[in-house]
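Worksheet: one structure, shown below.
Here it is in structure tokens:
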């Protein structure tokens, strides 16, 4: 049983995805999605924010989710809130793609679409007659953006966010990752692939195949680790005294005084002997002195300190204790 109650949802800061005020590069582009779970719907949400006309076809659900979704997207069961957020402004409809009626409805929709977004394995797409060769022949104007586990020869190997993060080195020990990084990075790459497909269509007049691998998305996020930046001996992995997490009186504080002027200012505020240089900030004595300065301060005091001295600090109050189970 966890020692602490789960944290309250944070107040998210807009814009989480492209703002209409910054232009809508996909205005008028018609996207049909068959993608379920997280990466595809998250990518579709971003495309809708960029002006695309987005619709989604889901298989009918045997038992509709509590969220009221009539389709069989598992996300409606995992998190009704996530499902609702990702489908705002999306026209969602249902059809059984293994039936003649469902196939006819799908291809009628594809006749009017510019881009098809999928998250099936290629072998499953082929069984539905949605392999790239078949789509090119029947819908030459259409681009296919397919989200797969791993791009290329391993596209049909099963996996999920957790396995792709583990392969990339992002799972440390037995702890679960704090977010679905491969899925969300894959969503970003898929929305990038939509933009690429539309740009190529404008140039050539023909649709194109774009493939986004979640394994490759995780590997992209893991590059700083493999470069050594975020390893314990890396300057943004804890070796630099101005860039690490310290304990404080009622929680902890994330300190990001990496640049020499911020590091020097932090040392001056803390009355620590240091000029902000990388060499001085790597010193064990600097680490110890900053820890001693920050430890007795409360999160509220640290927030005031950051504002008063223009320091990149973010206090992290300890989560409340969960009530004991009777």
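Numbering (our numbering), first residue to last: 40 to 365.
Think of the CB as a built atom: it goes at the ideal place given N, C-alpha and C, for glycine as much as any other residue.
For residue 235, the secondary structure class from DSSP, reduced to helix, strand or coil, is helix. Counting C-beta pairs with one atom in each stretch, the region 156–176 and the region 193–207 have three or more that are closer than 8 Å, which means they touch. Secondary structure at residue 115: helix, using DSSP grouped into helix, strand and coil. In the three-state reduction of the DSSP assignment, residue 331 falls in the helix class.
Taking the CA atoms as reference points, residue 88 sits about 8 Å from residue 63.
Around the CB of residue 247, 16 or more other CB atoms lie within 10 Å, so the residue is classed as buried.
Here DSSP, grouped into helix, strand and coil, assigns residue 266 to coil. Here the alpha carbons of residue 271 and residue 293 stand approximately 16 Å from one another. For residue 186, no alpha helix (DSSP H) run applies; the uninterrupted beta strand (DSSP E) run containing it begins and ends at 182–187, by DSSP.
Taking C-beta atoms as the reference points, residue 249 and residue 187 fail to come closer than 8 Å. Residue pairing of residue 287 in beta bridges, as defined by DSSP: 290. The beta-carbon separation of residue 228 and residue 202, rounded to 18 Å, does not stay under the 8 Å limit for a contact. When the beta-carbon positions are compared, residue 289 and residue 338 come within less than 8 Å of each other.
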